[in-house]
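Read through the structure below, which is laid out as structure tokens, and then see the notes.
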Amino acid sequence: MTDISTPKFLSGFRNAGLVKTAISEIHKCITQPWSLMEICGGQTHAIMQYGLDQLLPAEIELIHGPGCPVCVTSLALIDQALWIAKQPEVIFTSFGDMLRVPGSNGDLFSVRASGGQVRVVYSPLDAVEIASKNPDKQVVFFAIGFETTAPANAMAVLQAEKMGLQNFSILPANVLVPPAMHAILGSPDNRIQGFLAAGHVCAVMGYWEYPPIAEQYKTPIVVTGFEPLDLVNGILQTIKMLEEGRVEVKNAYSRVVTFQGNQAAQEIIKKVFEPVDRNWRGIGIIPKSGFGLREIYKNFNAVERFGSGDIKTEESKICIAGQVLQGLKKPSDCPAFGTQCTPQNPLGAPMVSSEGACAAYYRYGKKPR
Ligand code: SF4
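So for the sequence shown, my numbering puts the first residue at 3; every next one is plus one.
This is how it looks when you write it as structure tokens:
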């Protein structure tokens, strides 16, 4: 059989022949319906972009998970960001995706349009540099992301401390994958029978946290990458385990991910952050599912520095993002999809983000089979 798991070059992971071989393996071994969740929005986009869902056996249902940090950042946090960004002494910095995410009343773009200093940065260290060049301003970085961005967010705090900056802080918003998997698999509405774990999160954190999850919920998990061959290989390995009644954790992204992960990065995270309960937009509070600043770094917490303001959150009454993020509904089940809600006029975060499921369906013109 062709070796479908280890092409020598990246282009091999987009090789149509190898992808077809893996897909025909899936067709051969499947005997019954299975529901799999790809937890990461980057994987959802790749599946849609390459039309992989159309090539898989009809027995496989791919359920799109909440792995889009922009989408799950709570409305209260977005509103808090908007309030802080409006303060006259503040330069508010953020990754570009966050600027169009709707809060209860506007977005960061509208704050900028009305005179607020909102800047797009490509790294939290850019925000530290802005703080060092603007000592008369308070510079705040919106620290969103999964475990993947946490090391850089922690590094920014350490760097600001080293430089003695009194005018830099972060709005902590990192979220964690394993607690979300517990919440999904432990839900009475759960339909997930196998998981494709997010390769980039595992590149940082490893996958040592996953065997107890697989065992507790009797659900096989395969660490999966983002190229077409990575994805079909992850699906193949998951389906094989389900068909054979095996519950294991496999690594189908071994060119990037190790069991222990990047321990230096994990140490930096541990030094600066600690797990805290976090509210996921559309899902609710998941215990210990976010990173908050440790007590010794609380001076770098924008919430401590600026307070919360008078925040009254109000979600769109039309948007069903919560059900989409939990895998209970597809974006195309939403009555506003493609009509009232488009990337130009988003009603919910999943239509904004480059990793959002609604944006993936819209961009690639997909409807579920
Ligand atoms: S299509 Fe728009 S309104 Fe509907 S769930 Fe997605 S983001 Fe919300």
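The beta carbon of each residue, even a glycine, is placed where N, CA and C say it ideally should be.
Applying the criterion that 16 or more other CB atoms from any shown protein chain within 10 Å of the CB defines a buried residue, is residue i buried or exposed?
i    : result
A267 : buried
A18  : exposed
A351 : buried
D5   : Its pLDDT being 49, under 50, D5 is placed unreliably in this model, and the coordinates cannot settle the point.
T150 : buried
K332 : buried
S2   : Residue 2 lies beyond the stretch modelled for the chain, which goes from 3 to 371, so this question has no answer here.
I287 : exposed
G309 : exposed
I320 : exposed
Looking at the unbroken alpha helix (DSSP H) that takes in residue i, where does it start and where does it end?
i    : result
G236 : 230–246
K272 : 265–274
R386 : Since the first and last residues shown for the chain are 3 and 371, residue 386 lies out of range.
C31  : 18–31
P104 : Note, P104: premise wrong, no alpha helix (DSSP H); not H, not E.
T95  : Counting along the chain, T95 falls outside any alpha helix (DSSP H), though it belongs to the beta strand (DSSP E) covering 92–96.
P333 : Looking at the DSSP string, P333 is not in any alpha helix (DSSP H), and its letter there is neither H nor E.
I215 : 212–219
When the cut-off is 8 Å and only beta carbons count, does residue i lie next to chain D?
i    : result
P181 : Absent here is chain D; the protein component of the structure consists of one chain.
Please state whether the Cβ-Cβ distance between residue i and residue j is less than 8 Å.
i    : j    : result
V251 : Y209 : yes
F111 : V141 : no
T226 : Q45  : yes
G67  : G329 : yes
C204 : G263 : yes
I271 : A152 : yes
G43  : S355 : yes
M353 : T344 : yes
A154 : P126 : yes
Tell me which same chain residues have a C-beta within less than 8 Å of the C-beta of residue i, skipping the five on either side of it?
i    : result
L84  : G105, N107, G108, D109, L110, V113
R371 : At R371 the pLDDT is 43, less than 50, meaning the model places this residue with poor confidence; the figure from the coordinates comes in the next sentence. Here the set comprises D55, Q56, A60.
S289 : In the sequence as presented, Ser is not what sits at residue 289; that position holds Pro. Only P181, D279 meet the Cβ criterion.
M39  : L64, I65, H66, G67, I186, I194, G196, F197, L198, G329
F144 : A83, F94, T95, S96, F97, M100, I172, L173, A175
I32  : P59, E61, I62, I241, E245
By Cβ distance, which residues of its chain are closer than 7 Å to residue i, with the 5 residues on each side in sequence left out?
i    : result
E306 : K300
I49  : E40, D55, L64, L233
G366 : Reading the sequence as shown, one finds Tyr at residue 366 and not Gly. The residues are M50, Q51.
Kindly indicate the opening and closing residues of the beta strand (DSSP E) around residue i.
i    : result
Q140 : 140–145
Q119 : 119–122
G324 : No beta strand (DSSP E) holds G324; the alpha helix (DSSP H) holding it covers 323–327.
C42  : 36–42
G367 : Run containing G367: none; DSSP gives neither H nor E here.
P289 : 286–295
K252 : 251–253
E61  : Looking at the DSSP string, E61 is not in any beta strand (DSSP E), and its letter there is neither H nor E.
I223 : 223–226
P174 : 170–174
Give every residue of the same chain whose Cβ lies closer than 6 Å to the Cβ of residue i, excluding the five residues on either side of it in the sequence, and list them in chain order.
i    : result
C336 : I322
(request) Check whether the segment 181–191 touches the segment 325–342, counting contact only when three or more Cβ pairs, one atom from each stretch, lie closer than 8 Å. (result) yes
(request) Say whether the segment 19–32 touches the segment 231–238, bearing in mind that this needs 3 or more beta-carbon pairs closer than 8 Å, one atom from each stretch. (result) yes
(message) Whether or not the segment 115–135 and the segment 152–165 are in contact is what I'm after, with contact meaning three or more pairs of Cβ atoms, one per stretch, closer than 8 Å; do they touch?
(response) They touch, by the three-pair rule.
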